[in-house]
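Under full-length UniProt numbering, the residues of the sequence shown are numbered 1 to 600, in order.
Ideal placement from N, C-alpha and C gives every residue a C-beta, glycine not left out.
Each remark here refers to the structure printed beneath this line.
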Amino acid sequence: MATDTSPSSKDELSTTPTPIPAWAKLTKGMAVGVDLKDWQSWKEYLQKRDTVPPLQSLVSGKKNSPLAWALFADESLDSRTLDLLETLGEIASGRTKPSTGTVRQLESWLNDLERRISERNLVLELLAVTHALPNLAVATSAELWWNLLDKIVSHANDAVATNFENKVFEQGLAGEVPLTLAYIFPELKACRQLGKPAARVLDDGMQALTDGEGLPKVDQLLHLRSLLACWTRSVILIKNTDGLLLSEDSFTQYQWLVRHAFRLTRADGTQTFSHGISSAYNRHLMQTALDQAQDEDDTEIAKLTLPKMKGKGNDLNLPYPSYESAYSQFAYLRCDWHRSSPRLAVRHDLEPLIVELESREEIVLSGTWDTTILIESVPIAPTGNWEQVGWQSDDDGDYLELEQEWTDGVKLQRLIFLAREDKFMWVMDTVLLDSPAEQIQYQSQPPIVSHAKLGTAAETNEVFVELPGSKVTLLPVGINEWQSESSLGKIGVVNEKLSLQQTSSGRGIVVPMFFDLSRKGQGKPLTWRQLTVAEKLVIQPRDQAVAYRVQTGTGHWAFYRSLTGKASRTFLGVNLIAEALVARFDKKGDIEKLLEVEAS
């Protein structure tokens, strides 16, 4: 039988009310004359309205979806995610019309939604669908369109009412998703009403998830860029949504986070302490964040630090590039803001210490810095995590000192100094015992990257770390310069790791390492010596105080460490009462102090 296509039949079909969710009601005074149950009426309204500019028109890189700026770190990424973000981004911006293939893709996506609910990056797909929905109406059926919106609204309501164990993901699911619904569909009362609770979630998150200066806890740093992306998009939506406001305190945290994102960008654009999808660099994210933060210093910092940024930055009068946070259990030592600058990231919330050293645009150290201590040939172990006991950043360099309790009343202290002008890193481990021991054995294994080639001199103990484009020299200053003299210790490769071993006796041992990170010093003559330390004209044993002299092709330095309480001692004619000293010899041979740590 032929289908009746008479005018009266068509009229009946067009006037059949569209089934819509029970919550779907218009906001009073908006979309006047539109009937939500009349699909044609609602569809035409969405096509004609010009009061809600696409998000992509408000950000940098208007041809790229801002939802693809940064992905959350996750063990798995659905093969459809990136394609969906790109396709729906084109539709949301209005540059591409939705196709029948896109409609089929969304039908499949909707059917799989509940099964994928635990995926971290699903939140970006929810956002992508929401942003695209106004332009999808021309291609989808009324039933599919309302089912998509209903499911997203349902997830947003559930998220707002949920107490999240991980507050980072709350920012997307209970913050940005309902905020986006309020921005995209202000005509729908239920969507509009989600705006204020969503803004509160974001406002609270910017303060609760950071240390007071914009840095998340170190175990959440792998999500730093995805969090920055979420907050950057949200700041823009809040600015462009009537009745919503971000508090001044929260916006300040956002501004600080922007600077941290620049600070923690490697020379190649990837993120410090991060790998894989969460580490990827997106210039448009950084540029949009810079535009929103509106800080003149950050503009110069971005030019100096970030790849593919326009302009040449001016490094005069910029704040120090270093940062330390006891809350975040993280420290970042850096000589300057330039991409080639030596920088060391230290994560001390776990055992063992995790570090990343980058110099001249190449990673030198990356991973856990393993330490082994034996007292009278018996291994001892840490009883807790590291604690920051010293931090200072000034024109001479960055100083960080950490302390850790070990069994049998042993303390391990690690002093790190990164010289700002001289481009060296001094790492000095000190083991302190409650009572003297006949034998203290110590092994330190700095995590040299696996692709580096380790070379040694024919007769001396320096180690050359050769990287594809540069070289770093490591001097084991606590042992003798000459390989033939091994009484103090030795350095070599043990179990495929560089290993420095030292042995001593008494109430403690000091294990220092000098990393020459300068470009000019590589390949030039160098030397080091252990110096004599005296107290009241009496030479001090090594478990009381030690001093060293290091000379390379770029400079000449002295180092000191006391293992006892406050005492007046002398070395090289220098008298001091300090616990630790790092000093440079000037051209006249006089001592110029770079770091002096007062005695406890």
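Taking 8 Å as the cut-off, decide whether the C-beta atoms of residue i and residue j are in contact.
i: L517; j: P342; result: yes
i: M425; j: L418; result: yes
i: V177; j: S328; result: no
i: R507; j: L433; result: yes
i: I236; j: Q292; result: yes
i: G195; j: T140; result: no
i: S377; j: Q439; result: yes
i: L333; j: D249; result: no
i: I373; j: I363; result: no
i: P446; j: L365; result: yes
i: R561; j: A534; result: no
i: L36; j: L46; result: no
i: L221; j: S274; result: yes
i: F262; j: D298; result: yes
i: Q519; j: R360; result: First, the residue type needs correcting, since residue 519 is Arg and not Gln in the sequence shown. In this structure, R360 lies closer than 8 Å to R519 by Cβ.
i: V477; j: F514; result: yes
i: P98; j: N64; result: no
i: Q530; j: V546; result: yes
i: P307; j: D268; result: yes
With a CB to CB cut of under 7 Å and the five nearest residues on each side skipped, what residues in its chain are close to residue i?
i: S279; result: T270 and Q271
i: V574; result: I591
Going by C-alpha to C-alpha distance, which of the options sits closest to residue i?
i: G94; options: L122, S377, S57 and R104; result: S57
i: D150; options: A24, S234, D298 and L46; result: A24
i: P66; options: R414, L127 and Y45; result: L127
i: D543; options: I509, F559, V550 and Q551; result: I509
i: G384; options: K593, I373, W406 and V550; result: W406
i: L82; options: E44, L55 and E125; result: E125
i: G276; options: A229, L264 and F72; result: F72
i: P352; options: P54, L344, V477 and Q404; result: Q404
i: A31; options: P197, S484, K189 and R200; result: K189
i: L357; options: T371, G553, S340 and D349; result: S340
i: L285; options: H155, V465 and S234; result: S234
i: P17; options: V550, D408 and W42; result: W42
i: L173; options: F185, Y183, N157 and I184; result: N157
i: Y281; options: A331, G33, H223 and Y320; result: H223
Give me whichever residues DSSP pairs with residue i in a beta bridge.
i: N575; result: T570
i: H223; result: The partner list for H223 (beta bridge, DSSP) is empty, contrary to what the question assumes.
i: Y399; result: Q392 and F417
i: G508; result: L432
i: I152; result: Paired residues: none, contrary to the question.
i: P307; result: None; P307 has no bridge partner.
i: P216; result: T210
i: D298; result: Paired residue(s): none; D298 is not in a bridge.
i: Q551; result: T527 and H556
i: D370; result: Q445
i: Q404; result: L412
i: D380; result: Going by the sequence as given, residue 380 is Ile instead of Asp. DSSP, once it has assigned bridges, lists I373 as partnering I380.
i: Y323; result: Y332
Leaving out the 5 sequence neighbours to the left and right, which residues in its chain are closer than 8 Å to residue i when beta-carbon positions are compared?
i: T210; result: P216, Q253, W256 and L257
i: D203; result: L246, S247 and S250
Leaving out five residues on either side along the sequence, give the residues of the same chain with a beta carbon under 6 Å from the beta carbon of residue i.
i: residue 607; result: The displayed coordinates of the chain run from 1 to 600. Any statement about residue 607 would go beyond what the structure contains.
i: E119; result: none
i: G313; result: E300, K303 and L304
Quick one: grab the DSSP three-state call for residue i.
i: M513; result: strand
i: K167; result: helix
i: E107; result: helix
i: T87; result: helix
i: residue 671; result: This structure does not reach residue 671, given that the chain is present from 1 up to 600, and the question cannot be answered.
i: S393; result: strand
i: M428; result: strand
i: W69; result: coil
i: W528; result: strand
i: K97; result: coil
i: Y45; result: helix
i: F585; result: strand
i: V177; result: helix
i: L318; result: coil
i: K62; result: coil
i: S9; result: Unreliable positioning characterises S9 in this predicted model, as indicated by a pLDDT of 35, which lies under 50. A coordinate reading is not provided.
i: L365; result: strand
i: M1; result: Bear in mind that a pLDDT of 36 at M1, under 50, signals an unreliable position, so the number given afterwards is only what the model happens to contain. Here M1 sits in coil by DSSP.
i: K490; result: strand
i: E358; result: strand
i: A580; result: strand
i: I440; result: strand
i: Q287; result: helix
Is residue i near the ligand MN, going by C-beta to nearest heavy atom under 7 Å?
i: V355; result: By its list of ligands, the structure shown contains no ligand whatsoever, and the ligand MN lies outside what it can speak to.
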